[in-house]
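Colleague: Handing you a structure now.
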Amino acid sequence: MSLLSEAWAWLAVEGRWSGPAGIPARTAQHLAVTGVAVLLGAVVAVPAGILVGHARRGAGWVAALMGGARAVPSLGLLTLFGLWLGIGVEAPLLTLAVLAVPSLLAGVYSGFLAIDEAIPQAARAVGLSPGQVVVLVELPLALPVIVGGLRAATLQVVATATLAAYTSDYGLGRYLFAGLKTRDYAQMLAGSLIVIALALALELLLAALQRAARRVADPAHTSDPSGRRPSRKDHP
Amino acid sequence: MIEFEHVAKHYPDGTVAVRDFSLTVPSHRCVVLLGSSGSGKTTLLRMVNRMVDPTGGRVLIDDADVRDSDPVALRRSIGYVLQSGGLLPHRTVADNVATVPLLTGATRRAARSRALELLGRVGLDESLAQRYPAQLSGGQQQRVGVARALAADPNILLMDEPFGAVDPLVRRELQDELLRLQSDLGKTILFVTHDVDEAFRLGDEVIVLRPQAEIAQRGTSVEILAQPADDFVRGFIGADRGRRSLRLATSGGRQVAVDLEGHAVGILE
Ligand SMILES: Nc1ncnc2c1ncn2[C@@H]1O[C@H](COP(=O)(O)OP(=O)(O)OP(=O)(O)O)[C@@H](O)[C@H]1O
Ligand SMILES: [Mg+2]
């Protein structure tokens, strides 16, 4: 309890809330690292997920591969990339991107596979090209699951992005590493609290995004048991 | 005109869906493929729009081998009504009907007014245009499917058991609607069903199929009823069980047609 109040006191120090090394600046860095890492991961995961999901083949393979990828320890990967890329934000960015890939990829292909196969088939039969089937039919219908994958990936990355401070002076992880070095546990706890708050804020944002995605995929709310058939005047 | 020339379809797993099938569907006619489940009807239909490529023989539309045409352009030029409706669940009824015109470059406004016109044509109220497929009854969804197939004003309509999933009363209504449409539009229709009454009502010509799309008999409904080619056809159309036999009874000076169990089915004029 006293540690918590010490952390609180640490947060309350006025100078911490301004300047290039202040909490707002570091939070912005942390968010930027998270955003760029998820984006990098998506550049790989989304096309791959679309390929697998659209073809409806190879999902077992990809699931096994991604299961393996999830087991890779982030710190080990960071060390490896650090040795290769040196000091800087590149190594943690790459590590975090790799971390984001399994959830993103699983979101895309499982979203595609969850669609009743007859729907894209019918779209093809009336004259949509394969690209149009993906863009106009499969992506919108898979969107809620895809955003679910994005949500999982973002939360993993925002929590793990503290590792960016391992090889660079970047993000909220700085408070953790600095606190660890000087045994300033109040600072460590305060840093963790900020990360948790950030994660919660992102969680709320992405939950809202997922609701919006559901409206795209199911505008009639037919899969929502409370909102079956709107009671508009039923026409014969 | 659609021509099947000795088409065959062998699947890699060894299934022979179609062994050797030849047929000419004349322009502006409605030809019905009548056969039981698994006889290869859907396979034949989908050869026309290249959803299935035959492993033997060829399919011609107006003397051109469909294999030489771009599949996407071909499919857009052919109306296709699917058994399950096949509507896009995340799009409104109007947008579903307008799917192909929008893809082929019609303006939103033009596609929309065309969609509303077509909904009227298939007997749907304009007020349904902004609904989603899940908010319609099965019969209404099938009408939307027909409207979508007509949207690009195709010469050819492929209809795969389009009215199979609705109750007999609605099915009859939909058949009437189709007959009326056909007398207005004069499309070349290839229609698939396993319902004998439907085949006889709609088909200018009916092709009775055995498994592997072997033709058991072809002809008008009158020809098939009057002279079933063999026991298979007799069994299929119910002639062997007396289901097609009527006799005349007289009552109150009028001649009444009754079936074998003595139930009245109509009056002789
Ligand atoms: N992809 C496929 N691989 C293997 N066999 C197939 C495939 N598609 C269809 N078949 C087989 O081909 C045969 C004909 O199928 P088809 O769908 O044309 O029948 P159908 O007459 O339309 O039947 P139904 O009235 O039930 O729709 C069936 O025995 C079916 O199992
Ligand atoms: Mg079929």
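Chains as they are written, first to last, in our numbering: chain Z, 1 to 236; chain W, 237 to 505. Using N, Cα and C, we set each Cβ at its ideal position, and we do this for glycine too. Fair warning: this is a prediction, and the values are worked out from it, not measured in the lab.
Cβ of Ala-253(W) within 7 angstroms of Cβ of Thr-279(W)?
Modeller: Cβ atoms of Ala-253(W) and Thr-279(W): closer than 7 angstroms.
Colleague: Please tell me whether Val-308(W) has its Cβ less than 7 angstroms away from any Cβ of chain Z.
Modeller: It does: the Cβ of Val-308(W) has a partner Cβ on chain Z nearer than 7 angstroms.
Colleague: Asp-218(Z) versus chain W: which residues are under 8 angstroms apart at the beta carbon?
Modeller: Residues of chain W passing the Cβ test: Pro-325, His-326.
Colleague: Answer yes or no: the CB of Ala-253(W) versus the heavy atoms of ligand 1, is any distance below 6 angstroms?
Modeller: For ligand 1, at least one heavy atom lies less than 6 angstroms from the Cβ of Ala-253(W).
Colleague: So Val-329(W) and Leu-354(W) are in contact, right, with Cβ under 8 angstroms, and what is the actual spacing, rounded?
Modeller: At roughly 10 angstroms, the Cβ-Cβ gap does not stay under 8 angstroms, so Val-329(W) and Leu-354(W) are not in contact.
Colleague: Run through DSSP, which three-state label would Phe-240(W) get?
Modeller: Correct three-state label for Phe-240(W): strand.
Colleague: Can you check which of these residues, Ile-196(Z), Leu-75(Z), Val-133(Z), Ile-23(Z), is closest to Tyr-170(Z) by C-alpha distance?
Modeller: Residue Ile-23(Z) is the option with its Cα nearest to Tyr-170(Z).
Colleague: Compute the Euclidean distance between the alpha carbons of Gln-411(W) and Ala-500(W), then round it to the nearest angstrom.
Modeller: Each residue's alpha carbon lies about 23 angstroms from the other.
Colleague: Mapping DSSP to helix, strand and coil, what is Phe-472(W)?
Modeller: In this structure, Phe-472(W) counts as helix in the three-state DSSP scheme.
Colleague: With 7 angstroms set as the bound, which would you pick, yes or no: does the beta-carbon of Tyr-368(W) sit closer than that to a beta-carbon of chain C?
Modeller: Among the chains of the structure shown, chain C does not appear; the protein chains present are Z and W.
Colleague: Within the 7 angstroms Cβ cut-off, does Pro-140(Z) reach chain W?
Modeller: Closer than 7 angstroms to some Cβ of chain W, the Cβ of Pro-140(Z) qualifies, so yes.
Colleague: Strictly below 8 angstroms CB to CB, what residues from chain W border Val-126(Z)?
Modeller: Per Cβ cutoff of 8 angstroms: Arg-311, Arg-312, Tyr-316, Gly-322, Thr-335, Val-336, Arg-384, Ala-385.
Colleague: What is the residue span of the alpha helix (DSSP H) that Gly-381(W) lies within?
Modeller: Run containing Gly-381(W): 374-386, per the alpha helix (DSSP H) assignment.
Colleague: With a threshold of 7 angstroms between beta carbons, is Ala-122(Z) in contact with chain W?
Modeller: It does; some Cβ of chain W falls within 7 angstroms.
Colleague: For a cutoff of 7 angstroms on Cβ pairs, would you count Gln-371(W) as touching chain Z?
Modeller: Output row for Gln-371(W): interface = yes.
Colleague: Could you check the C-alpha separation between Arg-255(W) and His-264(W) for me, to the nearest Å?
Modeller: Rounded to the nearest angstrom, the two C-alpha atoms are 27 angstroms apart.
Colleague: For ligand 1, I want to know if Thr-278(W) counts as a neighbour, meaning its beta carbon is within less than 6 angstroms of at least one of the ligand's heavy atoms.
Modeller: Result yes, Cβ under 6 angstroms from ligand 1.
Colleague: Quick one: list the residues of chain W neighbouring Arg-137(Z), beta-carbon separation under 7 angstroms, in chain order.
Modeller: The question names Arg, yet the displayed sequence has Val at residue 137(Z). Per Cβ cutoff of 7 angstroms: Leu-324.
Colleague: Which of the three DSSP states, helix, strand or coil, is assigned to Gln-448(W)?
Modeller: Residue state, collapsed to three classes: helix.
Colleague: Taking only heavy atoms of ligand 1 into account, decide whether any of them is closer than 6 angstroms to the Cβ of Tyr-175(Z).
Modeller: No.
Colleague: Counting C-beta neighbours from all protein chains within 10 Å, is the total for Glu-397(W) 16 or more, i.e. buried, or is it exposed?
Modeller: Buried, because 16 or more other Cβ atoms sit within 10 Å of the Cβ of Glu-397(W).
Colleague: Do Ala-153(Z) and Ala-213(Z) have their beta-carbon atoms positioned less than 7 angstroms apart in this structure?
Modeller: In this structure, Ala-153(Z) does not lie closer than 7 angstroms to Ala-213(Z) by Cβ.
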